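The numbering used here applies: residue 2 is where the sequence shown begins, and numbers increase by one. Just so it is clear, CB atoms sit at the ideal spot from N, CA and C, and this is done for glycine as well. As the structure is a prediction and not an experimental result, all values here were calculated from the model.
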Amino acid sequence: MSREGVTPQSEDFSAWYNEVVVRAQLVDRGPVRGTMVIRPYGYRIWELLQGDLDAKIKDAGHENACFPMFIPESYLKREAEHVEGFSPELAVVTHAGGKELEEPLVVRPTSETVIGEYMAKWIDSHRDLPLLLNQWANVVRWEMRPRMFLRTTEFLWQEGHTAHVDEDDAMRETLWALDAYEKVARDLAAMPVVPGEKTPGERFAGAERTYTIEGMMRDGRALQAGTSHYLGTNFAKAFEIDYQDADGDLVLAHTTSWGMSTRMIGGVIMTHGDDKGLVLPPRLAPYQVVIVPLGRKEQAETTAAKAHEVAAELKAAGVRVHVDDKRPQLTPGFKFNDWEMRGVPLRLELGMRDIDNGVVTLARRLPTEEGQGKETIPFGEVAARIPGLLEDFQAFLLRRAEEFRDSHTRAVDSWDDFAAQVSQGWALALHCGRTACEDDIKAETAATPRCIPAAGEADSGVCVRCGEPSAYGKRVIFGKSY
Ligand SMILES: [Zn+2]
2 MSREGVTPQS
12 EDFSAWYNEV
22 VVRAQLVDRG
32 PVRGTMVIRP
42 YGYRIWELLQ
52 GDLDAKIKDA
62 GHENACFPMF
72 IPESYLKREA
82 EHVEGFSPEL
92 AVVTHAGGKE
102 LEEPLVVRPT
112 SETVIGEYMA
122 KWIDSHRDLP
132 LLLNQWANVV
142 RWEMRPRMFL
152 RTTEFLWQEG
162 HTAHVDEDDA
172 MRETLWALDA
182 YEKVARDLAA
192 MPVVPGEKTP
202 GERFAGAERT
212 YTIEGMMRDG
222 RALQAGTSHY
232 LGTNFAKAFE
242 IDYQDADGDL
252 VLAHTTSWGM
262 STRMIGGVIM
272 THGDDKGLVL
282 PPRLAPYQVV
292 IVPLGRKEQA
302 ETTAAKAHEV
312 AAELKAAGVR
322 VHVDDKRPQL
332 TPGFKFNDWE
342 MRGVPLRLEL
352 GMRDIDNGVV
362 TLARRLPTEE
372 GQGKETIPFG
382 EVAARIPGLL
392 EDFQAFLLRR
402 AEEFRDSHTR
412 AVDSWDDFAA
422 QVSQGWALAL
432 HCGRTACEDD
442 IKAETAATPR
452 CIPAAGEADS
462 GVCVRCGEPS
472 AYGKRVIFGK
482 SY
């Protein structure tokens, strides 16, 4: 491990990201191009997010199941748009058991088709609806330009799949999932995401309506952090998901699907990180507090013993805490930098002088309104004060990200302003709604419509690009994205 820091964000944001994910010990590159090994420190972040989201999913009446990862190729072909959208990314198994297969198998890129097949089997009457399923799984989408967490050939996610009696009920479900994602992003990841609907050109392959939460990263780009789709009766038709209604008539069900993935970890890194490395929101931090005992030899034994005492009190108070006493060869300065690189929200330093004074020294990962430099906390107050300080830090990160997003978002009405704005953040612009016009904007600026924000104010006029009358009755967020 070198002592040097990472490439500054301002110099090369992408290099900064690639260095931080490795230096913070979140991931290692997998042996197959585009795959990643999620290391324990990175996986713990996923588990914390997963625990919260899984509880929300279950509280709302969904049940977890697990479907096979191999899907007969013919299933995907049953929904024309779906297969067209996914074809370039599919990994297909043609040989197994030492011979060529009669029918190629697709490694699931998503599971609408295989789950649709079984929904059709399990649903007979309106009493079987709604059917509310979720699965936690890995999926494979072959990536030509991979990036750890953001675009990897294999990634982890949950995918919700539900079937309903009609459009109203299915739309309620679609928006429920969107709201759950917004809460996870805001409350756990301290990401102030914007919920909204995708324009037709950006819809999921096979969906009638696609909703998204979009977060702004510290380079001004957008990250789609979770999506929820109303699939209409498209998959119901393809897989014969129908039911007998109260009058005994056979009716097609309306289905939804929604997913949030390990991409969220990339979002956390790019929403909060800085030139010293990762900055983790306390609710997703594997270690919320690290205690670094100082001194050599006998002094080290004394400070380490006291550090474990403090750690036990913090643990009893529900804090995830780690004592860094296993690396005597490293200097305190090195350890401080290392924990800053790994994004630990609060660090406690404990030297002989602190022990004599009956205190620990607190250092925050970032200066906040509540505290700029180091400060001391008496031993007797540590367990009572730290949980509050963690909450303060969590709230500070959300505020800071909100301020960043708002100061990098602007309503624009001319093409020149639009092009300038999307080079550093988000543009709120009126748009005609034509996919050809979106393509033109993308070709000129690399920006795409991120969403029609749910909370956007009513507005209309002419398209910022082509001058045709605007669509949607409000402004659309445009930005470059991951
Ligand atoms: Zn236009």
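Reference residue i; option with closest CA among the options
i	options	result
residue 292	216, 341, 61 and 277	341
residue 383	150, 203 and 310	310
residue 139	147, 67, 317 and 393	67
residue 356	320, 365 and 304	304
residue 348	136, 297 and 391	391
residue 1	327, 454 and 34	The first residue shown for the chain is 2 and the last is 483, placing residue 1 beyond what the model contains.
residue 326	296, 476, 151 and 457	296
residue 187	458, 114 and 215	215
residue 18	99, 122 and 151	151
residue 92	72, 39 and 259	72
residue 31	445, 156 and 267	156
residue 314	263, 456 and 380	380
residue 447	419, 453 and 467	419
residue 113	124, 99 and 135	135
residue 23	57, 12, 38 and 196	38
residue 239	338, 339, 483 and 76	76
residue 263	316, 48 and 318	48
residue 265	483, 59 and 361	483
residue 69	108, 217 and 57	108
Residue i and residue j closer than 8 Å at C-beta
i	j	result
residue 160	residue 234	no
residue 373	residue 191	no
residue 406	residue 428	no
residue 279	residue 307	no
residue 42	residue 451	no
residue 117	residue 236	yes
residue 137	residue 225	no
residue 182	residue 261	yes
residue 178	residue 120	no
residue 10	residue 221	no
residue 36	residue 154	yes
residue 124	residue 223	no
residue 244	residue 162	no
residue 64	residue 130	no
Identity of the residues DSSP links to residue i by a beta bridge
i	result
residue 369	372
residue 94	106
residue 229	212 and 259
residue 377	362
residue 223	217 and 482
residue 65	135
residue 37	30
residue 323	291
Local conformation of residue i per DSSP, three classes
i	result
residue 159	strand
residue 218	coil
residue 483	coil
residue 124	coil
residue 441	helix
residue 1	Residue 1 lies beyond the residue range present for the chain, which begins at 2 and ends at 483; the question has no answer from this structure.
residue 8	coil
residue 405	helix
residue 101	strand
residue 349	strand
residue 51	helix
residue 143	coil
residue 275	strand
residue 2	Here residue 2 scores only 42 on pLDDT, less than 50, and its place in the model should not be relied on; the value that follows carries that caveat. DSSP places residue 2 in coil when its eight states are reduced to three.
residue 82	helix
residue 253	strand
residue 413	coil
residue 243	strand
residue 429	strand
residue 388	helix
8 Å CB neighbourhood of residue i in its chain, flanking five on each side removed
i	result
residue 386	378
residue 321	286, 287, 288, 289 and 290
residue 474	459, 460 and 461
residue 440	202
Beta-carbon contacts of residue i that lie in its chain and below 6 Å, excluding the five residues immediately before and after
i	result
residue 83	206 and 207
residue 364	348 and 375
residue 371	393
residue 210	231
residue 98	none
Cβ neighbours of residue i in the same chain (closer than 7 Å, five flanking residues each side left out)
i	result
residue 2	Residue placement at residue 2 is flagged as unreliable, the pLDDT there being 42, under the threshold of 50; the coordinate-derived value follows with that caveat. Within the same chain, residue 2 has no close Cβ partners at all.
residue 21	7, 270, 274, 278 and 279
residue 172	231
residue 463	431, 469, 470 and 471
residue 95	101, 102 and 105
residue 53	185 and 189
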